[in-house]
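First to last, the sequence lines map onto chains A and B. Here the working numbering is used: the first residue of the first sequence is 696, the next is one more, and so on. Here the working numbering is used: the first residue of the second sequence is 28, the next is one more, and so on.
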Amino acid sequence: GGIITQTPKFLIGQEGQKLTLKCQQNFNHDTMYWYRQDSGKGLRLIYYSITENDLQKGDLSEGYDASREKKSSFSLTVTSAQKNEMAVFLCASRGQGGEQYFGPGTRLTVL
Amino acid sequence: QQKVQQSPESLIVPEGAMTSLNCTFSDSASQYFAWYRQHSGKAPKALMSIFSNGEKEEGRFTIHLNKASLHFSLHIRDSQPSDSALYLCAVISGSFNKLTFGAGTRLAVCP
């Protein structure tokens with residue numbers, strides 16, 4: 696079996712700050728994803744990547760950048776944190792059958 | 028653009044009851060249909076998936092798909108308090124890389 700790790704687990708930032716979230720997977724999956732989940736709600740796709748150095752925008756890409764420099768890692772940058780923003784950012788990778796495997800999440804709070 | 032909607036938004040059932048969760052989608056060319064379960068504070072985890080019309084049963088869980096009605100459902104037999112969670116339906120259409128999630132149904136099973 697494999698695992699997805701996300702760092703940091705908790706991230707507190709200031710309004711206007713640039714913040715970076717990191718994700719690593721050892722499934723050897725090609726496709727990776729970043730989602731945003733607001734409290735108790737569904738998942739909204741921010742970015743995905745089908746291979747190293749590939750980036751595809753999701754429905755919520757404005758205000759974010761992403762980077763996939765190697766197959767096992769996928770980073771997400773909040774380009775300018777918004778005051779009172781609170782959400783969980785979930786990283787995932789996709790298996791052969793379409794199933795997505797999720798990391799434990801990074802919980803963002805902006806003061 | 029694919030639209031995925033879930034009903035009800037929340038549900039409370041007694042232990043031992045049959046629970047039914049619903050999901051509708053907008054793209055008739057959709058090809059993969061899945062349910063994910065997310066316990067509070069944890070990552071979403073794939074529960075079941077189906078590719079073609081009909082039913083699929085795994086233990087207490089049954090997924091039913093009717094593509095003509097643009098509808099699929101999850102039925103939980105003999106619901107347990109440990110089934111209390113946020114249930115997310117998800118659909119793939121077009122690129123097999125992009126999964127569209129519904130907003131979720133929050134289920135509480137009371138002992």
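Even for Gly, the Cβ is constructed at its ideal location relative to N, Cα and C. Given the structure is predicted, the values throughout are model-derived calculations rather than measurements.
- Pairwise C-beta distances place the stretch 119-134 of chain B in contact with the stretch 30-37 of chain B, as three or more of them are shorter than 8 Å.
- The stretch 789-797 of chain A and the stretch 119-127 of chain B touch, with three or more beta-carbon pairs separated by less than 8 Å.
- Residue 84 of chain B has B:89 as its beta-bridge partners, per DSSP.
- Taking 8 Å as the threshold, the shortest C-beta distance from residue 780 of chain A to chain B does not fall below it.
- Rounded to the nearest angstrom, the Cβ distance from residue 747 of chain A to residue 763 of chain A is 6 Å, consistent with a contact under 8 Å.
- Not a single CB atom of chain B sits nearer than 8 Å to the CB of residue 804 of chain A.
- In terms of Cβ geometry, residue 721 of chain A and residue 698 of chain A form a close pair [threshold 8 Å].
- Short of 8 Å from the beta carbon of residue 804 of chain A, and not among the five residues preceding or following it, lie these beta carbons of its own chain, in chain order: 705, 706, 707, 708, 780, 781.
- Our two residues, residue 775 of chain A and residue 725 of chain A, have alpha carbons roughly 29 Å apart in a direct line.
- Around residue 57 of chain B, the same chain offers 118, 120 as residues with beta carbons nearer than 6 Å, after the five sequence neighbours per side are excluded.
- Contact with chain B is absent for residue 746 of chain A, since none of that chain's Cβ atoms lies less than 8 Å from the residue's Cβ.
- Residue pairing for residue 702 of chain A: DSSP places it in a beta bridge opposite A:717.
- Taking the CA atoms as reference points, residue 798 of chain A sits about 13 Å from residue 770 of chain A.
- Taking C-alpha positions only, residue 44 of chain B is separated from residue 710 of chain A by approximately 47 Å.
- Interface criterion not met: the Cβ of residue 704 of chain A is under 8 Å from no Cβ in chain B.
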